[in-house]
Amino acid sequence: GLHPKLPPLEQQLPLLRALWPGPLVARWNLNPRHGPFGYEDAARRYGEFRELMDPDPTTRSELARVIRGTAGAGHDVVVTINNKAEGSAPLSVRALAQAILAG
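So the mapping is simple: this note's numbering equals the position in the sequence shown, first residue as 1, plus 588.
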């Protein structure tokens with residue numbers, strides 16, 4: 589999971605690698621700028637969730653790399669993204685897809 593209460597994705601990779609080969613299931617929840625208990629603050633800041641107000645290119649890039657590696661090895665990948673990850677889940681999905689294809 590990608591949430592301020594959890595270690596960054598890069599620090600979670602050793603555990604993921606210990607579980608591979610296998611599918612990847614991930615949820616990108618909350619932008620780290622809001623801290624581990626910042627859901628309400630994020631909801632207020634992002635309002636109607638119409639734009640990427642706090643792009644997180646580091647998380648996006650790392651997640652894209654893990655997705656490419658997992659899918660490239662023939663395993664299923666399921667990722668959900670919360671509006672509070674960057675400000676708009678649909679736009680985060682599009683940006684993540686672009687990062688996957690660009691890699």
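Where is the CB? At the ideal position from N, CA and C, for every residue including glycine. None of these values were measured; they are calculated from a predicted model.
Asked	Found
Within 7 Å, strictly: CB atoms of LEU612 and HIS591	no
Reduced DSSP secondary structure (H/G/I, E/B, other) of ARG638	coil
Buried or exposed by the 16-neighbour rule on C-beta atoms within 10 Å, applied to LYS593	exposed
Cβ contact check for the stretch 651-659 and the stretch 618-628: 3 or more pairs under 8 Å	no
Pairwise C-alpha distance: HIS622 and GLY675	12 Å
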